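Remarks on the structure that follows.
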Amino acid sequence: GAVVSQHPSWVICKSGTSVKIECRSLDFQATTMFWYRQFPKQSLMLMATSNEGSKATYEQGVEKDKFLINHASLTLSTLTVTSAHPEDSSFYICSAYDRGSNQPQHFGDGTRLSIL
Amino acid sequence: AQKITQTQPGMFVQEKEAVTLDCTYDTSDPSYGLFWYKQPSSGEMIFLIYQGSYDQQNATEGRYSLNFQKARKSANLVISASQLGDSAMYFCAMRDVMNYGGSQGNLIFGKGTKLSVKP
Numbered sequence: 641g642a643v644v645s646q647h648p649s650w651v652i653c654k655s656g657t658s659v660k661i662e663c664r665s666l667d668f669q670a671t672t673m674f675w676y677r678q679f680p681k682q683s684l685m686l687m688a689t690s691n692e693g694s695k696a697t698y699e700q701g702v703e704k705d706k707f708l709i710n711h712a713s714l715t716l717s718t719l720t721v722t723s724a725h726p727e728d729s730s731f732y733i734c735s736a737y738d739r740g741s742n743q744p745q746h747f748g749d750g751t752r753l754s755i756l
Numbered sequence: 007a008q009k010i011t012q013t014q015p016g017m018f019v020q021e022k023e024a025v026t027l028d029c030t031y032d033t034s035d036p037s038y039g040l041f042w043y044k045q046p047s048s049g050e051m052i053f054l055i056y057q058g059s060y061d062q063q064n065a066t067e068g069r070y071s072l073n074f075q076k077a078r079k080s081a082n083l084v085i086s087a088s089q090l091g092d093s094a095m096y097f098c099a100m101r102d103v104m105n106y107g108g109s110q111g112n113l114i115f116g117k118g119t120k121l122s123v124k125p
């Protein structure tokens, strides 16, 4: 069964709306979670690294104020796309794993975000 | 800087035959992990197989095996007895082993290979 739950799986909303995406690790404590963005027919691009209890580390070119990340517990990280615009439409996917282990990262099922 | 290269944008294979998906990597770190993920059209990332840089033997998981050639920095995925359900995007990825160089352990992905299995 799934070890990482991502919700919602699909969002359509109007331009200017803020959208929150949740990523939960179900049966392990995820000290680190990652947020990726994927455009059609392209690879996953790391947006930010989220560590429990501290500020997220953003990749170059990713706007911190646009993509707010919160990792308040060892099982939950959230990504909020603030004042979303059509160019923010994409597939967003999170992953989680126990930092320091050699275990694979487990991915959520992704969120398809469409901004009208 | 770390880099993953997948040179095959698309591959076709006949059902029940084996197929090899290429992956080469570049890193200066002595400790790293190599991963293969499958992404069907529905979008989820499915973990297939893992190879550690210090592992002596090639990893195998059911019909999946990883042909790890460290000197050549290649980590090709071999799928035996292809099935129609194997049609998907396949991503090779690399991760620093934690606690070396302050890495946070994020995955670096290749551009992927789209595998199509013909009946």
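Keeping their order, the protein sequence lines are chains A and B. Note that the first sequence ends on residue 756 in my numbering; no numbers are left out. Note that the second sequence ends on residue 125 in my numbering; no numbers are left out. Heads up, the beta-carbon is just placed ideally off N, CA and C, and yes, glycines get one too. Fair warning: this is a prediction, and the values are worked out from it, not measured in the lab.
For residue j and residue i, the rounded distance between their alpha carbons
| i | j | result |
| --- | --- | --- |
| residue 108/B | residue 123/B | Bear in mind that the predicted position of residue 108/B carries a pLDDT of just 46, short of 50, making it unreliable; the figure below should be weighed with that in mind. Taking the straight line from one Cα to the other gives about 41 Å. |
| residue 66/B | residue 54/B | 9 Å |
| residue 680/A | residue 715/A | 29 Å |
| residue 682/A | residue 667/A | 30 Å |
| residue 94/B | residue 692/A | 33 Å |
| residue 727/A | residue 665/A | 29 Å |
| residue 686/A | residue 674/A | 7 Å |
| residue 50/B | residue 749/A | 4 Å |
| residue 699/A | residue 688/A | 6 Å |
| residue 25/B | residue 87/B | 8 Å |
| residue 33/B | residue 731/A | 28 Å |
| residue 643/A | residue 74/B | 28 Å |
| residue 82/B | residue 734/A | 25 Å |
| residue 27/B | residue 119/B | 7 Å |
| residue 652/A | residue 705/A | 21 Å |
| residue 725/A | residue 112/B | 28 Å |
| residue 647/A | residue 751/A | 7 Å |
| residue 165/B | residue 99/B | Outside the displayed range of chain B (7 to 125) lies residue 165/B, so it cannot be described from this structure. |
CB contact below 7 Å: residue i versus chain A
| i | result |
| --- | --- |
| residue 6/B | Here chain B has residues from 7 to 125 only, and residue 6/B is not among them. |
| residue 74/B | no |
| residue 117/B | yes |
| residue 82/B | no |
Whole-number beta carbon distance between residue j and residue i, since they are thought to touch under 8 Å
| i | j | result |
| --- | --- | --- |
| residue 57/B | residue 40/B | 5 Å |
| residue 736/A | residue 670/A | 4 Å |
| residue 76/B | residue 31/B | Not quite, the Cβ-Cβ distance comes to about 10 Å (not below 8 Å), so this is no contact. |
| residue 694/A | residue 717/A | With 8 Å as the limit, residue 694/A and residue 717/A do not qualify as a contact, their Cβ atoms being about 12 Å apart. |
| residue 729/A | residue 753/A | 6 Å |
Proximity test, Cβ basis, 7 Å: residue i and chain B
| i | result |
| --- | --- |
| residue 686/A | yes |
| residue 648/A | no |
| residue 707/A | no |
| residue 751/A | no |
| residue 689/A | yes |
Exercise for review: Return the residues of the region 48-63 of chain B that lie within a Cβ-Cβ distance of less than 7 Å from chain A, sorted by chain order.
Suggested key: 49, 50, 51, 53, 56, 58
Point to revise | Residue ranges of each alpha helix (DSSP H) within the region 13-55 of chain B, 4 or longer | key: none
Point to revise | Positions along the region 661-684 of chain A whose CB lies within less than 7 Å of some CB in chain B | key: 672, 674, 683, 684
Exercise for review: For the region 21-37 of chain B, enumerate the residues whose C-beta is nearer than 8 Å to any C-beta of chain A, in chain order.
Suggested key: none
Review point. Of all the residues that make up the region 704-734 of chain A, which are near chain B by a beta-carbon distance shorter than 7 Å?
Key: 731, 733
**Study point:** Runs of beta strand (DSSP E) wholly within the region 672-732 of chain A (minimum 3 residues, chain order)
**Key:** 672-678, 684-691, 707-713, 716-721
Review point. Which full runs of the beta strand (DSSP E) of 3+ residues lie inside the region 70-121 of chain B, going along the chain?
Key: 70-75, 80-85, 94-102
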